[in-house]
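Letter by letter, the sequence shown follows residues 942 to 1237 in this note's numbering.
Single-structure report; data block below.
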Amino acid sequence: MKALVAGWFSFEGMGATAGDLLTRDLVCRWLEEAGRRYDVAVAPPFSGGRDWRAADPADYSDVVFVCGPFGNGSPIPEFLERFTGRRLIGLSLTMLEPLETWNPFTLLLERDSSAAARPDLAFLASAPAVPVAGVVLAHDQPEYRNDAHDVANAALERLVASRPMAAVRIDTRLDVANAAGLRTAEEVESLIARMDVVLTTRLHGLVLALKHGVPVVAIDPVLGGAKLQRQADTVGWPACFVAGAVSDGDVTQAFEYCLTAAAREQARRAGEDARARLSDVRDRFIDAMKPPARVG
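Structure below.
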């Protein structure tokens, strides 16, 4: 007979967390290693499993409840009653009541209880890492009469939606309340510097990323190209496109390139070369600003 894996992802609106899902997937792998068949009980917005209220208890010999706080309050009593007679196993749970008062489990390997404490099972989870992508989007700029900001931003949003990535929204604008909660230029730059890749329609999204060797997928939001495309050409960065003249396939291919070691090395070199080429600006400015030599 099968096992039913349940947790707070099995109940709608009960605050299922990333840790709950990581532990669920770990336990499912363990069941496979044990040679057991299983179902996972899910509730919206999660899918791909069974509604425990509709599942036939006779299909299961074991019910495994994984991760999170566990107490004798709704909806737990209803859940336990439905699966009366099944072997009940608790993994990585925080038991909210003393075990001597209430413990419905046949086997309890708890995270913490009145009797014991263990590290959380998420320590053992081995979920594959996904790229951390800084998303730096431009607002409409009325100084450009032929702007296509919505088109450019939408192309990058489609990229974000098309594949697994941790999208970090970064707003470089600081003269108004910052949407990302950033307060200073140093905070903006420090966050961009820690990304795996940056997706941007802003010039300084490109510049601050390459400055720190972070590869960039850039789309100039002005039809025909303007300052962003010109800057990418100037520093020799290839993954820059122009709104209205780029396909989703182009953007996807550029994104995949930006995740390679070769792209990171090219970004590093672009930043170094840009800094070297600016040394004459410093020297010329300082020379121009020196006080005139005294006569006599």
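Ideal placement from N, C-alpha and C gives every residue a C-beta, glycine not left out.
query: Which residue wins for smallest C-alpha separation from ARG1135, given the options LYS1168, ALA1150, ASP1112?; result: ALA1150
query: Could you tell me which residues DSSP pairs with PHE1226 in its beta bridges?; result: Answer is none; PHE1226 lacks a bridge partner.
query: In the DSSP output, which residue or residues are listed as bridge partners for PHE1011?; result: MET1036
query: Would you kindly work out how many angstroms separate the C-alpha atoms of GLY962 and PHE987, rounded to a whole number?; result: Residue identity differs from the one stated: residue 962 is Leu in this sequence, not Gly. LEU962 and PHE987: Cα-Cα distance of roughly 10 Å.
query: Do you know offhand how far GLY1014's Cα is from GLU1038's?; result: 11 Å
query: Put THR1193 into one of helix, strand or coil per three-state DSSP.; result: helix
query: What do you reckon, are the CB atoms on LEU1029 and VAL1007 nearer than 8 Å?; result: no
query: Do the region 1201-1218 and the region 1151-1161 make contact, defined as three or more Cβ pairs closer than 8 Å?; result: yes
query: Once DSSP output is grouped into helix, strand and coil, what is the label at ARG1052?; result: coil
query: Determine whether the beta carbon atoms of ALA1121 and VAL1157 lie at a separation below 8 Å.; result: no
query: At what residues does the alpha helix (DSSP H) containing THR1175 begin and finish?; result: 1168-1176
query: Give the single residue among ALA984, ARG1052, ARG1143, ARG1225 whose Cα lies nearest to the Cα of THR1035.; result: ARG1052
query: Give the DSSP bridge partners of ILE1030, in chain order.; result: VAL1005, LEU1048
query: To which residues does DSSP link TYR1198 through a beta bridge?; result: None; TYR1198 has no bridge partner.
query: Kindly indicate which residue of LEU1097, ASP1221, CYS969 has the alpha-carbon position closest to the one of PHE1196.; result: LEU1097
query: Using the DSSP secondary-structure output, state which residues sit across from ASP961 in a beta bridge.; result: Answer is none; ASP961 lacks a bridge partner.
query: Using CA coordinates, which residue listed in ARG1143, ASP997, ILE1160, GLU1041 is at the minimum distance from ALA1056?; result: GLU1041
query: Between the region 1105-1116 and the region 1172-1190, can you find at least three pairs of beta-carbon atoms closer than 8 Å?; result: no
query: In the structure shown, what three-state DSSP assignment does VAL983 receive?; result: coil
query: PHE1020 lies in the beta strand (DSSP E); which residues open and close that run?; result: Element bounds for PHE1020: not the beta strand (DSSP E) but the alpha helix (DSSP H), 1017-1023.
query: Between which two residues does the beta strand (DSSP E) carrying ARG1110 extend?; result: 1107-1110
query: Drop a sphere of 10 angstroms on the beta-carbon of ASP1091, count the other beta-carbons inside from all chains shown, and report buried for 16 or more, exposed for fewer.; result: exposed
query: Tell me which residue opens and which closes the alpha helix (DSSP H) that LEU1132 is part of.; result: 1126-1134
query: My understanding is that ALA984 touches PHE952, with C-beta atoms under 8 Å, so please give their C-beta distance in whole angstroms.; result: 5 Å
query: GLY956 to PHE950, Cα distance in whole Å?; result: 8 Å
query: Does the distance from the CB of ALA1184 to the CB of ALA1074 come in under 8 Å?; result: no
query: In angstroms with no decimal places, state the Cα-to-Cα distance between ASP997 and LEU1050.; result: 26 Å
query: Under three-state DSSP, which class holds LYS943?; result: strand
query: Output the distance between the C-alpha atoms of ALA1079 and ALA1126, rounded to the nearest integer angstrom.; result: 16 Å
query: Quick check: the Cα distance between LEU1115 and GLY990, rounded to an integer number of angstroms?; result: 45 Å
query: Determine the closest residue to PRO1072 out of ALA1186, GLY948, LEU1065, LEU1100, with distance taken between C-alpha atoms.; result: LEU1100
query: Going by C-alpha to C-alpha distance, which of ARG994, GLY976, GLU974, VAL1117 sits closest to ALA947?; result: ARG994
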